[in-house]
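Read through the structure below, which is laid out as structure tokens, and then see the notes.
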DNA sequence: AGATAATGGATAGTGCTGTTATCCGATGTG
DNA sequence: CACATCGGATAACAGCACTATCCATTATCT
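Residue numbers (the numbering used here), protein chains in the order written: chain H, 65 to 279; chain C, 65 to 279.
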């Protein structure tokens with residue numbers, strides 16, 4: 065197919081497709097002459113992927129580039145595959161306040177030690193956690209953190225599920241794509257599920273506090 | 065204090081403070097004359113809050129405005145307080161594909177029914193969940209969703225922790241602020257914890273797969 | 001008191017990002 | 001052969017979050 069049909073099928077405008085081609089997000093089609101190229105199903109899929117990462121996962125184009133680079137890399141073994149992927153798709157750091165960050169770091173260190181997690185401080189998520197904790201404390205919302213280990217345990221359950229999937233998959237290219245999508249698209253899904261679960265818990269408690277309806 | 069000192073203490077430049085004032089994110093100081101105003105600790109705190117929502121929670125200025133409006137509202141009762149807040153701080157919808165969205169919606173409906181959650185479809189998170197699920201399926205990463213109820217249960221644990229905090233707090237203004245901050249700043253924290261937990265689970269499984277070191 | 005600096009307020013300009021438009025000569029299609 | 005479409009390069013655009021400039025006024029310093 066040519067660019068017009070690719071546009072029609074994918075729902076992405078021709079100028080935008082050209083822009084993605086320029087930026088290297090989308091691989092060029094196969095040139096059949098000086099100004100004709102053939103695109104195929106892989107291009108359609110790649111476009112869907114880009115739009116999903118932008119619209120649903122909320123990534124910037126630069127973030128999409130990193131994510132796609134991770135997906136396109138061909139890992140040689142499962143060993144530390146996840147660690148390498150995490151480094152590549154990590155969000156850029158936010159907080160600059162060194163003092164606050166150091167305090168957050170201490171809390172993360174304590175948490176990790178407390179739970180006996182086998183995690184290294186160079187994981188970008190370590191810094192993200194430290195930033196989030198420092199910020200929450202700085203705003204006087206420390207109460208939220210009283211249950212930090214509880215939150216960590218719940219996310220550990222999530223992580224178990226994340227990796228349970230990996231056990232069944234032998235193809236490393238397929239695995240790495242699932243890890244990336246599971247992480248990046250999984251985040252907004254988990255956020256939404258949290259909000260829904262909050263509504264359930266809230267309404268459950270409300271009912272418990274009110275005498276049962278005799279009707 | 066005047067705007068210069070407010071800037072020095074908060075680390076936000078004077079032009080930016082003026083911009084926030086114009087936009088109504090920051091309430092005006094008390095005018096002592098035509099071109100002099102007094103600011104206080106509340107302004108410092110509000111600035112920290114804005115920066116946290118932008119830098120850590122990743123909100124746009126419009127999103128910050130909504131969040132602040134939610135924080136500033138004075139609820140008359142605990143009843144459905146959380147639901148109202150959730151509506152106000154919800155992220156704007158992403159997906160337009162009606163067919164895909166409808167399928168996602170069916171999956172959310174099934175999930176909620178399956179778990180017996182007391183949740184209404186007008187919760188904005190319902191749509192977000194449907195969007196995320198539809199997107200993941202559309203990209204052929206449906207395996208990720210095989211454990212959807214597991215993810216939902218884990219997030220239910222998180223929600224229990226979220227609301228456990230609320231029980232101890234009697235002041236509604238304080239409560240609403242904690243709910244907003246716990247949600248918006250809690251999201252990146254949970255994401256980071258998920259990544260850390262994944263590293264732990266991964267390294268644990270690696271060790272289990274390798275014969276124990278005799279040393 | 002007089003020089004200097006800072007202030008509130010209005011208005012305009014900036015840099016970045018993501019996308020869209022225009023133009024070209026070449027190619028495909030009816 | 002007419003006319004749409006193409007790939008490719010370059011320019012233009014809109015939105016966002018700031019940042020800079022200007023002004024008449026007010027505060028501060030000596």
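C-beta atoms are modelled at their ideal positions from N, C-alpha and C, and glycine is treated no differently.
Could you check how far apart the C-beta atoms of residue i and residue j are, in whole angstroms? I think they sit under 8 Å.
i	j	result
residue 131(H)	residue 117(H)	6 Å
residue 218(H)	residue 218(C)	5 Å
residue 208(H)	residue 245(C)	7 Å
residue 216(C)	residue 261(H)	7 Å
residue 192(H)	residue 174(C)	Not confirmed; about 33 Å, so no contact.
residue 128(H)	residue 90(H)	Incorrect: roughly 11 Å between the Cβ atoms, too far for contact.
residue 136(C)	residue 159(H)	Not a contact, Cβ separation roughly 25 Å.
residue 236(C)	residue 139(C)	5 Å
residue 182(H)	residue 269(C)	Rounded, the Cβ-Cβ distance is 11 Å, inconsistent with contact.
Verify the CB distance criterion: does residue i have a CB-CB separation below 7 Å to chain H?
i	result
residue 65(C)	no
residue 264(C)	yes
residue 259(C)	yes
residue 252(C)	yes
residue 280(C)	Nothing can be reported for residue 280(C), as the shown portion of chain C is limited to 65 through 279.
residue 207(C)	yes
residue 216(C)	yes
residue 149(C)	no
residue 199(C)	yes
residue 236(C)	no
residue 120(C)	yes
residue 182(C)	yes
residue 90(C)	no
residue 221(C)	yes
residue 196(C)	yes
residue 132(C)	no
residue 249(C)	yes
If you compare alpha carbons, which of the options is closest to residue i?
i	options	result
residue 178(H)	214(H), 89(H), 70(H) and 95(H)	214(H)
residue 115(H)	120(C), 202(C), 75(C) and 162(C)	202(C)
residue 224(C)	265(H), 238(H), 185(H) and 187(H)	265(H)
residue 241(C)	97(C), 153(C) and 87(C)	153(C)
residue 157(H)	70(H), 93(H), 188(H) and 205(H)	188(H)
residue 97(H)	180(H), 210(H), 134(H) and 66(H)	66(H)
residue 186(H)	163(H), 151(H), 164(H) and 165(H)	151(H)
residue 165(H)	84(H), 77(H), 222(H) and 190(H)	190(H)
residue 161(H)	75(C), 99(C), 103(C) and 170(C)	75(C)
residue 243(C)	133(C), 226(C), 254(C) and 259(C)	226(C)
residue 234(C)	73(C), 121(C) and 142(C)	142(C)
residue 68(C)	83(C), 103(C) and 86(C)	103(C)
residue 105(H)	155(H), 205(H) and 73(H)	73(H)
residue 259(H)	71(C), 258(C), 176(C) and 239(C)	176(C)
residue 211(H)	210(C), 93(C), 273(C) and 254(C)	254(C)
residue 101(C)	77(C), 124(C), 70(C) and 83(C)	70(C)
residue 200(H)	133(H), 184(H), 222(H) and 167(H)	167(H)
Using a C-beta cutoff of 7 Å, does residue i count as contacting chain C?
i	result
residue 192(H)	yes
residue 106(H)	no
residue 74(H)	no
residue 211(H)	yes
residue 116(H)	yes
residue 170(H)	no
residue 226(H)	yes
residue 281(H)	Residue 281(H) is absent from the structure shown; chain H starts at 65 and stops at 279.
residue 187(H)	yes
residue 246(H)	yes
residue 101(H)	no
residue 158(H)	yes
residue 242(H)	yes
Quiz item: Taking one C-beta from the stretch 248–258 of chain C and one from the stretch 192–202 of chain H each time, how about it: are there three or more such pairs within less than 8 Å?
Solution: yes
Quiz item: In chain order, which continuous runs of the alpha helix (DSSP H) of length 4 or greater are located wholly inside the stretch 108–181 of chain C?
Solution: 125–136, 145–153 and 162–179
Quiz item: Is there contact between the stretch 94–114 of chain C and the stretch 146–157 of chain C, where contact requires at least three CB pairs shorter than 8 Å?
Solution: The stretch 94–114 of chain C and the stretch 146–157 of chain C do not touch, with fewer than 3 CB-CB distances between them shorter than 8 Å.
Quiz item: If you scan the stretch 66–109 of chain H from start to end, which runs of the beta strand (DSSP E) of 3 or more residues do you find wholly inside it?
Solution: 94–97 and 100–102
Quiz item: Fully enclosed by the stretch 214–253 of chain H, which alpha helix (DSSP H) runs are 4 residues long or longer?
Solution: 236–248
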